[in-house]
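Visitor:
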Amino acid sequence: MPVTASEVKALRERTGAGMMECKKALTETEGDLDEAIALLRKKGAASAEKKSGRIAAEGIIVQLVSEDRSSSVLVEVNCETDFVAK
């Protein structure tokens, strides 16, 4: 059963996944939207697990203090490469 563009669009709107990922998931589940969502979640968890061991050693720390000095915030943002940190 061929997957239509409207089905891919509907899946993308519900999941935020890429177009080709949605099309592949719909093809694998024979057009079943709910099964495709479950499949994308399963694949997403697997890809997140693969990336969990990476070290984010580059980044920046920023401190901001309010004008009246009654509150402040300290934020650290890390990334994997120095190129992204710039």
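Heads up: the sequence shown begins at 55 in this note's numbering, then just goes up one per residue.
Where is the CB? At the ideal position from N, CA and C, for every residue including glycine.
Fair warning: this is a prediction, and the values are worked out from it, not measured in the lab.
(1) Less than 8 Å separating the beta-carbons of residue 57 and residue 73?
(2) Which two residues bound the contiguous alpha helix (DSSP H) that contains residue 62?
(3) Tell me which residue opens and which closes the alpha helix (DSSP H) that residue 75 is part of.
(4) Mapping DSSP to helix, strand and coil, what is residue 113?
(5) Can you list, in chain order, the residues of its chain whose CB lies under 6 Å from that of residue 90, leaving out five sequence neighbours each side?
(6) Where does residue 94 land, buried or exposed, given buried means 16+ other C-beta within 10 angstroms?
Guide: By the coordinates alone:
(1) no
(2) 59–69
(3) 73–82
(4) strand
(5) 65, 79, 80 and 83
(6) buried
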